[in-house]
Every structure is written in structure tokens, then in C-alpha cells.
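Chemist: So the sequence lines, in the order shown, correspond to chains A and B.
My numbering puts the first residue of the first sequence at 78, with every later residue one more than the last.
My numbering puts the first residue of the second sequence at 73, with every later residue one more than the last.
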Amino acid sequence: GNSVTQMEGPVTLSEEAFLTINCTYTATGYPSLFWYVQYPGEGLQLLLKATKADDKGSNKGFEATYRKETTSFHLEKGSVQVSDSAVYFCALTMGTGNQFYFGTGTSLTVIP
Amino acid sequence: GAVVSQHPSWVICKSGTSVKIECRSLDFQATTMFWYRQFPKQSLMLMATSNEGSKATYEQGVEKDKFLINHASLTLSTLTVTSAHPEDSSFYICSARDGHRAYEQYFGPGTRLTVT
């Protein structure tokens, strides 16, 4: 079946620290991979995505590379800010706009 | 960009009553909409998939008679929680697939339901 595993949190970092949130997936075919961010009290917002192997998604200083050989899509940011505090979800979908399979989410808190 | 709205954003109801949540695609036609449920500090779990004009497909373990889904138009899907109980309290999120753009799916802001 299809599933996503991401590192458990919570993660607490100081401002300007380097961030990595690990995400690996299992899929029966060739999925599209996504990172969503959820700020407190809000819904999901698409952060970045990659639709094929070796693609790199990037947005707002965040990056993730679709690694087929390691079935991974790790999220990175070189210098986090307090405003990056949120819950981050890794997700995959198969085919054109089918259901999403989400990881359990990783809570990030950035302290000044 | 494409926008999906949900109404209401939060609702409190008494046990035994029913509550309806609307999900609208504001600037595109949503051939498929998905309803998810998010428990506190947990991930989103798919409840059902609805295609415009047809019956919703429910995931295993989701009571179709309790969670009524209607996708009457290409821009509107509704989720009705019937005879709500405190254990139905949760964050409900819909997503809508743009029928003209492959892989593009947009999430609503969610509805927080509290049953007292």
C-alpha cells in the first residue's frame, strides 16, 4: 500500500538554526510528493512539491528533493525563523489528484 | 491561485443535533472533493471521496449514515454530521481537485467542530 513516515517531533530549534525533517514513503507506483504546513488554528497550506524523481521542490527557503533510490523527501531549511513554527506534514498522492496519504506531522517550534 | 473555502470555520453544537459543513471551490470546478478528519496532534485521515453528481465513497470504518456527504455541484460539497456526539469533536478539512489541472488539489482552511 501507500504510506508516509516522517520523523516524530516535537522539534525545537533556535532561530537561524538548520532544519531537517525526514520523510520516507512507500508507494505502489510513482507518487507525487508534497510538504504541507499548518500554522496554529489554520488549515493546510502547500509548502512545496515534486512530481518525479530527482525533482527539487522549493519555497520560502525550504527545499526537498525527491529521492527515488532512498524513497525519501526530506525537508530542509538553512536558517529557520520564529515564524516557521508550525506543524509540517509530508504527503504523497498517486495519479491525478487522488487522495493524499499524510505522515503524522512534525511540530516545529523556533525560539528567538 | 485556486481557493477552497469552508463554512463555518468553527461550530459548537449540542449532543444529538446535526451540523452541516460546506466546502466550496471559489474559482475552479471541483470534479472531486475529499473530506478528512484530523484528531488533536495527529495526522489527517481520509473519511470519504465525493464526485460531483454521484454517491460518496467512504473509507473503511467511517459510518456513512452518520457522516452524510453531498456533492451536488461542481463547486460545493457538504458534510453533515448527524446526531453528533462528543467523540465527533474534531477538525474537518476538505480538499478539492481541479478537474483541469493534473495533480492540483487544494485544501480548505478546516472546520473545528465541538460537540458538548
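Where a beta carbon is used, it is the ideal one built from N, C-alpha and C, also for glycine.
Could you round the C-beta distance between L110(A) and Y102(A) to whole angstroms and report it? I think they count as a contact, below 8 Å.
Modeler: At roughly 7 Å, the Cβ-Cβ gap stays under 8 Å, so L110(A) and Y102(A) are in contact.
Chemist: Please name the residue in A102(B), I84(B), G180(B), S162(B) whose C-alpha comes closest to that of S122(B).
Modeler: Nearest of A102(B), I84(B), G180(B), S162(B) to S122(B), Cα basis: A102(B).
Chemist: Of all the residues that make up the stretch 101-112 of chain B, which are near chain A by a beta-carbon distance shorter than 7 Å?
Modeler: If the cut-off is 7 Å between Cβ atoms, the stretch 101-112 of chain B has T104, F106 near chain A.
Chemist: G86(A) and L185(A) look like a contact to me (Cβ under 8 Å); what is the Cβ gap, rounded to whole Å?
Modeler: The Cβ separation is near 7 Å, so the contact holds.
Chemist: So which of L148(B), T186(B), W107(B) has the shortest CA-CA distance to P158(B)?
Modeler: That would be T186(B), whose Cα lies nearest to the Cα of P158(B).
Chemist: Going by Cα to Cα distance, which pick from Q122(A), T170(A), P189(A), C100(A) is closest to V157(A)?
Modeler: Looking at the Cα atoms, P189(A) is the closest of the given residues.
Chemist: Within 8 Å of any Cβ in chain A, is that where the Cβ of T121(B) sits?
Modeler: Output row for T121(B): interface = yes.
Chemist: Does the Cβ of T183(A) have 16 or more other Cβ atoms within 10 Å, making it buried, or fewer, making it exposed?
Modeler: Buried, by the Cβ-count rule.
Chemist: List the DSSP bridge partners of L152(A).
Modeler: L152(A) pairs with I98(A), A141(A).
Chemist: Tell me, please, whether the CB atom of T181(A) is closer than 8 Å to any CB atom in chain B?
Modeler: Taking Cβ atoms only, chain B reaches closer than 8 Å to T181(A), which makes this a yes.
Chemist: Give the DSSP bridge partners of E94(B), in chain order.
Modeler: In DSSP, E94(B) forms a bridge with H79(B), T150(B).
Chemist: Consider the Cβ of G133(B): report whether some Cβ of chain A lies at a distance smaller than 8 Å.
Modeler: No, because no Cβ of chain A sits closer than 8 Å to the Cβ of G133(B).
Chemist: According to DSSP, what are the bridge partners of Y165(A)?
Modeler: According to DSSP, Y165(A) bridges with V114(A), T183(A).
Chemist: Kindly indicate which three-state DSSP category V88(A) falls into: helix, strand or coil?
Modeler: It is a strand residue.
Chemist: Taking all protein chains shown into account, decide if H172(B) is buried (16 or more other Cβ within 10 angstroms of its Cβ) or exposed.
Modeler: The residue is exposed, with fewer than 16 neighbouring Cβ atoms inside 10 Å.
Chemist: Would you mind telling me which residues of chain B sit closer than 7 Å to G120(A), beta carbon to beta carbon, in chain order?
Modeler: Correct list: I165, F179, G180, P181, G182.
Chemist: Name, please, each residue of chain B whose Cβ falls closer than 8 Å to the Cβ of F166(A).
Modeler: Correct list: S115, L116.
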